[in-house]
Amino acid sequence: MKIDAFDDQVFEAEEEETRPDSRTIEETLLVGLLDPTVAVRILEKTTAKDYEFDRHRELAAVVYPMASEGRHIDPVTFRAALVAKYGETFVENSLGDSEDDLRRLYDLAGDVMTTAATKPPAAGQVLAYLDIFATQADIRRAKYLVEKAGKALDDRKKTPQAVAGDVLKTFFDLEATQRLAGVAKTEGEELEAYFAELEARQQVGNDFQGLDTGFNHLNRVINGLTTGLFILGAMPSVGKTTLAKQIADNVVERHADAACLFVSLEQSKGELRVKTLSRLSGVENRDMQRGRLDTSSAAWKKVVEAKDTFASFAGRLQVLEGDRTTTPDRIRLAALQLRQKTQAGRLLIVVDYLQIVPTDDQVADPRQKVDVVVSELRRIGRDLDCTVLAIASINRASYGQQGGTLASYKESGAVEYGADIAAVMVEDKDKDKGEENYLGVMRPWKKVLLDVIKNRNGEKARVELRFFPSVSRFQEVGRGSLPEES
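Residue numbers (numbering that gives the first Met the number 0): 0 to 485.
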């Protein structure tokens, strides 16, 4: 997809009735800078010069260095920063004059700090506005560079080679291009802000930091669902889509500040909804799908109760039925829309499944195509500070093996390098199965093993699961070592 076309779609993605104006966006980001947990993201993607309104830009010029250094920002420290910038006498005289520009700047800072203390915006709202703001700033900066280059070509009566040199100088000028190319900072410049965010992240008593999958052993092994790319592979009929849907439901149900985009290139919205209703009600999914239930029966009453439970978190769960246009860029765009709509602070993207995601690049070799998709999905996870859970098929040679390996993934060498976490679901070689009472009815289960075979920031392990196919449910029963570790 062309960059300018994608930018156009970003603006179209901002729903007319809910799209905030530029002033509201900028004021929200200034308030967000006072929260260390989101300030790091704002500082990564913006500079003080990106602000469109003069007063906002002046305030950002004072606050950005303070936030970058991890300093606490309040009226006292803000005034001290003004004194350091302008001098004690100048500040004292200016603050005494209600019409003075510095006094107005000080009053704006006071309003921002009051909002941060009494009615701070949700982290998700700040991040949603940040996506819009950064895109708008990029476009303004790019237009400025193009206009400057055009003026150099029109006004300077030099040889073509000299004009080309001037154009290159314009584009490679650090001051002009730092917003587009990024501002390089030393570890010393970034350490304080990072440490403030790291300190804010610490939670005494938690076994993991990321989003709760609903499976305790899995949470401890992978540290919950954290930023990055998680690839889940399996052969057909093992239940990989069902497990991914259950994890998606668990995330949005257990985290009021989280939203999930479920990109389905195989199953319809209806099929996925039935999985959730079946798991929550304990009523067989095929009975619902085939219309076998009497609406006056006890079973249907359970489905109605399950619908009410589902409704409590369904507003932050979106299913995107994929087609040939559902490229990684389209997935990114849909995620931006969902974050803006829900104002969720944390985001999970599920992609079902990896090998059939289309791309804009004309790649003939299936292996290279999957490698491109892996790379793009990982970039989405990093750019949006979210988890991307991508389901993948495995090659036939891996069917029936005792455990999964990185070589199991079909048509992809990039998984070994691109995935932050990689897991393979395999059927138990002993065909362990049984029955268990679930919501008042005995339901058959079969044993499935989830092998975490790559974990960039943690351990490898095997998680033992029971799969109840008739009610689309997984139950965690134990944790062990991978076969090669035993």
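Just so it is clear, CB atoms sit at the ideal spot from N, CA and C, and this is done for glycine as well.
Cβ-Cβ distances below 7 Å link Asp293 to Trp299 in the same chain, with the five nearest sequence neighbours on each side left out; the list follows chain order. Val251 and Ala305 have their C-alpha atoms some 16 Å from each other. Take Val273, set aside five residues on each side of it, and the residues of its chain with a beta-carbon closer than 7 Å to its own are Asn284, Met287, Gln288, in chain order.
Between Lys244 and Ile390, the C-beta gap is not smaller than 8 Å, which leaves the two residues out of contact. Counting along the chain, no beta strand (DSSP E) covers Glu98, and no H or E run does either. The stretch 86-95 and the stretch 204-213 do not touch, with fewer than three beta-carbon pairs separated by less than 8 Å. In the displayed model, Ser471 falls within coil according to three-state DSSP, outside both helix and strand.
Of Tyr437, Leu353, Val349, the smallest CA-CA separation from Leu224 is found for Val349.
For Arg442, the uninterrupted beta strand (DSSP E) run begins and ends at 440-454, by DSSP. Taken in chain order, the complete alpha helix (DSSP H) segments of 4 or more residues contained in the stretch 280-319 are 284-288, 297-313. It is roughly 7 Å from the alpha-carbon of Lys368 to the alpha-carbon of Thr358.
By the beta-carbon neighbour count (other beta carbons within 10 angstroms, threshold 16), Leu32 is buried. Straight through space, the alpha carbons of Thr36 and Val414 are spaced by roughly 30 Å. The stretch 445-464 and the stretch 422-433 touch, with three or more beta-carbon pairs separated by less than 8 Å. For Asp351, no alpha helix (DSSP H) segment is defined; the enclosing uninterrupted segment is the beta strand (DSSP E) at 345-351.
Boundaries of the alpha helix (DSSP H) around Leu28: 21-31. Take Ala80, set aside five residues on each side of it, and the residues of its chain with a beta-carbon closer than 7 Å to its own are Val61, Met65, in chain order.
Under the DSSP assignment, Lys118 falls outside any alpha helix (DSSP H); it carries neither an H nor an E label. Here the stretch 265-281 does not lie against the stretch 218-232, with fewer than 3 beta-carbon pairs under 8 Å apart. Looking at Leu190, Tyr143, Gly227, the one whose alpha-carbon comes closest to that of Asn454 is Gly227. Residue burial annotation: Thr27 is buried, with at least 16 other C-beta atoms found within 10 angstroms of its C-beta.
Taken atom to atom, the span from the alpha-carbon of Lys48 to that of Gly457 is near 39 Å. Leu316 has its alpha-carbon roughly 12 Å from the corresponding atom of Leu271.
Each of Glu186, Leu126, Thr46, Ala247 was checked against the Cα of Phe473, and the nearest Cα belongs to Ala247. Taking C-beta separations shorter than 8 Å and ignoring five residues to either side along the sequence, the partners of Gln266 in its chain run Thr240, Asp351, following chain order. 8 Å or more divides the Cβ of Gly123 from the Cβ of Gly380.
An exposed status is given to Thr113, since fewer than 16 other beta-carbon atoms sit within 10 Å of its beta-carbon.
Listed in chain order, the non-local C-beta contacts of Glu320 below 7 Å within the same chain comprise Ser263, Ser267, Lys268, local neighbours out to five positions each way being set aside.
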